[in-house]
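A.B. asks:
Numbering (my numbering), first residue to last: 50 to 150.
1) How many Å lie between residue 120 and residue 78 at the Cα?
2) Mapping DSSP to helix, strand and coil, what is residue 95?
3) Going by DSSP, what residue range makes up the alpha helix (DSSP H) through residue 139?
4) Could you round the C-beta distance between residue 136 and residue 55 to whole angstroms and report it? I think they count as a contact, below 8 Å.
5) Buried or exposed, going by whether 16 or more other CB atoms sit within 10 Å of the CB of residue 164?
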């Protein structure tokens, strides 16, 4: 809920990723959730960093788990941080590259 209230674009990206897991037995393949968790934590971190949410969501346990995920999947975690930053920045500042659609 905090992500959806603070950034609809980030929330939609997370939900799109989660939708790709429909039909997958997540009890048998729990690692499939790593992508959703990574983007969710990245969005929380970026929203907290820019003051859009308070600091109650990323506790020590989540940060430690995220650090472990970054050790296992550094490219995914860094890419998700970049995506979260872009989504949240666009929501705050609009189109910064000057292209109109």
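Yeah, the Cβ is synthetic: ideal placement off N, Cα and C, and Gly gets one too.
C.D. replies: With the given structure in hand:
1) For this step, residue 120 is matched to residue 71 along the chain shown. For this step, residue 78 is matched to residue 29 along the chain shown. Each residue's Cα considered, the two are about 20 Å apart.
2) Within the chain shown, residue 95 is the residue found at index 46, counting from 1. If DSSP states are grouped into helix, strand and coil, residue 95 belongs with the helices.
3) Within the chain shown, residue 139 is the residue found at index 90, counting from 1. That run of the alpha helix (DSSP H) goes 123-142.
4) Counted from its first residue, the chain shown places residue 136 at position 87. Counted from its first residue, the chain shown places residue 55 at position 6. Contact between residue 136 and residue 55 does not hold, since their C-beta atoms are separated by about 11 Å, which reaches or exceeds 8 Å.
5) This structure gives no information on residue 164, because the portion of the chain shown stretches from 50 to 150.
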